[in-house]
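Take 106 as the starting number for the sequence shown in our numbering and just add one per residue. Where is the CB? At the ideal position from N, CA and C, for every residue including glycine. Take a look at the structure set out below.
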Amino acid sequence: MKNAGTVLVFPTWPENPYLNLLELAARAAGYRFRGATTHAELLHALPALPRGGVVHVHWTTPLVQEAADEADARDRLRRLLAALRDARRRGVRIIWTLHNRLPHELRFREAEIALYRGLADLADVVHVMAPDTAAVVADVVALDPARIRVIPHPSYEGIYDAGVGRTAARASFDLAERDRAVLFLGQIRPYKGVDALVEAATAAGDDIVLLLAGVVKEQSEEEVAALLPDGLRAHTQFSFVPDGDLARWFRAADVAVFPYRAILNSGSVHLAATFRVPVVLPDEPHLREQFGDERWVAFFDTARSAASIAELLRDRELFAGVGERDFARFTAGISPWRTASAYRRLLDELSAAPSPALAPR
């Protein structure tokens, strides 16, 4: 295996499927990946990057949002941007993946916006997963079109065990043939709108069964459980769903609903497509642009979320005619290896032409 260069990834979470998929081809090509998960670790690791090395910043929450107070957030911001400027002067290349319009846990808004703008200024490449990202974040940060690289979120084709069949999966939840199973799987957080989904499922009819699974954050499990009325049939698991059990939840579902109040990118949509489950999403312009031509995606009116979702759930013909070909067409273009290969080519480009030792832009 050749020595293809060094990539410092922040934050590095070994269990994160997105990072693991994105790095597949680059690791196979010989790139060495280092990681940091805290502000202090990143500052410690940056000076060790050689000329031609790459630092890749993903989720920014640990950088200033974990500060003790506003003054500490500003100090963290100052030291980080100084370290990144120094790295650029030494010929280190910078990639920033813009995952969210702003972090969902936003304690220090001004510092975070300043961080976004600093990263946009210093990055050689701003990696986005959706074509309309620049427009969505325009009120927060202006992105230079020349530095934007679109590499879509990968599907999860071939990654998760899909051996369980629909009949066995539905039997595990005691679902009858006429039952309409509505799935929400992922972290359960206030911005994800689970309360609206519960209201919609309750109003949609007695054939609705809610499948609700994921770790509860920023609220208690008791608070989420209290949302579920006695008349709503529901199966809940307020904990992480192991990889080996994902197929059971998805195979049992008739539709997955993601009633987010704030969304830029969502791997859950790609996971649903991988398991051939139709999806209901908020009717946001950037989501229409990205998924509007997909027959397996429907959109709810965000001005009346619960009522609109309920109307969609009542319509048993909503996804009539949607089949394997519709999902396969979507996932074929974003297979894990294809996406990982696009990322590897980006690293090749940056590593082959290190930045000159000049003042940052």
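- Counting of Cβ neighbours within 10 angstroms places Lys322 among the exposed residues, the total staying below 16.
- With respect to the C-alpha of Leu317, the residue from Arg353, Leu129 and Glu217 having the closest C-alpha is Arg353.
- Shown here, Ile200 sits in a strand according to DSSP, grouped into three states.
- In summary, Pro155 is exposed, with fewer than 16 beta-carbon neighbours lying within 10 Å of its beta-carbon over all protein chains present.
- For Ala403, the enclosing beta strand (DSSP E) begins and ends at Val402 to Phe405.
- When the beta-carbon positions are compared, Pro152 and Ala188 come within less than 9 Å of each other.
- In the three-state DSSP reduction, Ala301 falls in the helix class (H, G or I).
- Counting the other CB atoms within 10 Å of its CB gives Asp279 a total below 16, which places it among the exposed residues.
- Using a Cβ distance threshold of 9 Å, Pro119 and Thr143 do not count as a contacting pair.
- Between the region 262 to 279 and the region 235 to 249 there are fewer than three inter-stretch CB-CB distances shorter than 8 Å, so the stretches are not counted as touching.
- Annotation for Gly270: Arg356 place their beta carbon closer than 7 Å to its own, counting only its chain and skipping 5 residues before and after.
- Rounded to the nearest whole angstrom, the CA to CA distance from Pro250 to Pro364 is 30 Å.
- The beta carbon of Asp388 sits closer than 7 Å to those of Phe404, Phe405, Asp406 and Thr407, all from its chain and outside the five residues before and after it, given in chain order.
- Contact between the region 431 to 443 and the region 368 to 378 is present: three or more C-beta pairs spanning the two stretches fall below 8 Å.
- Straight across, the Cα-Cα distance linking Arg139 with Ala309 is about 49 Å.
- With respect to the C-alpha of Leu418, the residue from Gln324, Arg195, Ala361 and Ala458 having the closest C-alpha is Ala361.
- Exclusion of the five residues before and after Ser344 leaves Val320 as the residues of its chain whose Cβ lies within less than 7 Å of its Cβ.
- Under DSSP, Ala458 shares a beta bridge with no residue.
- When rounded, the separation of the alpha-carbon atoms in Leu227 and Val287 is 44 Å.
- Excluding five sequence positions before and after Ser413, the CB atoms of its chain that fall closer than 6 Å to its own CB belong to Phe405 and Asp406, given in chain order.
- Here Arg193 is buried, its C-beta having at least 16 other C-beta atoms within 10 Å.
- Taking 9 Å as the cut-off, the beta carbon of Leu455 is found no closer than this to the beta carbon of Val162.
- Shortest Cα-Cα distance from Phe213 to any of Leu386, Ala134, Ala109 and Val169 involves Val169.
- The bridge partners DSSP lists for Val287 are Leu315 and Val360.
- When secondary structure is reduced to three states using DSSP, Thr165 falls in the coil class, being assigned neither helix nor strand.
- DSSP places Gln324 outside both helix and strand once states are collapsed to three, so it counts as coil.
- Looking at the backbone, the Cα of Arg181 and that of Val346 are separated by about 35 Å.
- Taking a C-beta distance under 9 Å as the contact criterion, Ile256 and Ala447 qualify as a contact pair.
- Counted as a single uninterrupted DSSP element, the beta strand (DSSP E) harbouring Leu386 occupies residues Val384 to Pro387.
- Here DSSP, grouped into helix, strand and coil, assigns Arg254 to strand.
- Secondary structure within the region 177 to 224: the beta strand (DSSP E) runs of 3 or more consecutive residues, fully enclosed, are 198 to 202 (chain order).
- Here Pro208 really is in contact with Thr165; their C-beta atoms are around 6 Å apart, less than 8 Å.
- For Ala339, the enclosing beta strand (DSSP E) stretches over residues Arg338 to Gln342.
- Setting aside the 5 residues that flank it on each side, Trp442 is surrounded in the same chain by Leu129 and Ala130, each with a C-beta closer than 7 Å to its C-beta; the list follows chain order.
- Burial state of His149 is exposed, judged by a 10 Å Cβ sphere holding fewer than 16 other Cβ atoms.
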